[in-house]
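First the structure, in the form of structure tokens, and then the observations on it.
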Amino acid sequence: MIQAVVDNVYWQMSLDRKTTALKQLQGHMWRAAFTAGSMKAEFFEDVVPAIRKWREAGMKVYIYSSGSVEAQKLLCGHSTEGNILELFDGHFDTKIGHKVESESYRKIANSIGCSTNNILFLTDVTLEASAAEEADVHVAVVVRPGNEDFYRRPNYSSALSP
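Numbers given in the working numbering equal positions in the sequence shown, counted from 1, plus 1.
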């Protein structure tokens, strides 16, 4: 029985599945590693300075990830930049909906009390960008190694550069 569960977890990970249950399991495993100090999250070098700049300009910043809220808080609370949780106004995960579904972005807008056209969503995934746009959310592509062609599409602008 245990081996069947382990095999299923490996299978889901090999397919890059974004199921809530898998992400919660990963979050529990990460909690043990982060709290023990054996892991620290690393962010691209432009991420934290950009978020600090946006915060100083009075912008609210939220995380929407396929990773669980618990995992998001672990990553941000135990990073090579220190604890950066104070930079975020809130966290969303697949409990609000999947990132490739436009209704998820409408739910987030409702949850934070603003219209979708007052939100800028940063992503490096085409399907997420399309879903956000479908919900009338502004989209900017975060250019990272491996998605340079995505940035070259004329209907997307870049928020951060590599």
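Where a beta carbon is used, it is the ideal one built from N, C-alpha and C, also for glycine. Note that this is a predicted model, so its numbers are computed, not measured.
Original post:
Do HIS139 and ILE120 come within 9 Å of each other at the CB atom, strictly closer than that value?
Top reply: What you label residue 120 is simply residue 119 of the sequence shown in a count that begins at 1. What you label residue 139 is simply residue 138 of the sequence shown in a count that begins at 1. Taking 9 Å as the Cβ cut-off, ILE120 and HIS139 qualify as a contacting pair.
**OP:** Would you be able to state if there are at least three C-beta pairs under 8 Å between the segment 26-44 and the segment 72-83?
**Re:** Three or more Cβ pairs drawn from the segment 72-83 and the segment 26-44 lie within less than 8 Å of each other, which places the two stretches in contact.
Original post:
Counting Cβ pairs, one atom from each stretch, are 3 or more of them under 8 Å apart for the segment 47-66 and the segment 5-12?
Top reply: At 8 Å Cβ cutoff, the stretches do not touch.
Original post:
How big is the Cα-Cα spacing for ARG18 and THR127?
Top reply: For the purposes of this step, residue 18 is taken as residue 17 along the sequence shown, with counting starting at 1. For the purposes of this step, residue 127 is taken as residue 126 along the sequence shown, with counting starting at 1. So the alpha carbons of these two residues sit roughly 16 Å apart.
Original post:
Helix or strand or just coil, what does DSSP make of ILE64?
Top reply: Within the sequence shown, numbered from 1, the residue matching residue 64 stands at position 63. Strand.
**OP:** Give me whichever residues DSSP pairs with LEU123 in a beta bridge.
**Re:** Walking along the sequence shown from the start, residue 123 turns up at place 122. BP columns for LEU123 point to ALA141.
Original post:
What's the C-alpha gap between GLU102 and ALA33?
Top reply: As a first step, residue 102 is located in the sequence shown; it is residue number 101 there, counting from the start. As a first step, residue 33 is located in the sequence shown; it is residue number 32 there, counting from the start. The straight-line gap from Cα to Cα measures roughly 32 Å.
Original post:
By how many angstroms is the C-alpha of MET2 removed from the C-alpha of ILE52?
Top reply: Translated into positions along the sequence shown, residue 52 becomes position 51. Translated into positions along the sequence shown, residue 2 becomes position 1. Rounded to whole angstroms, ILE52 to MET2 spans 45 Å at the Cα level.
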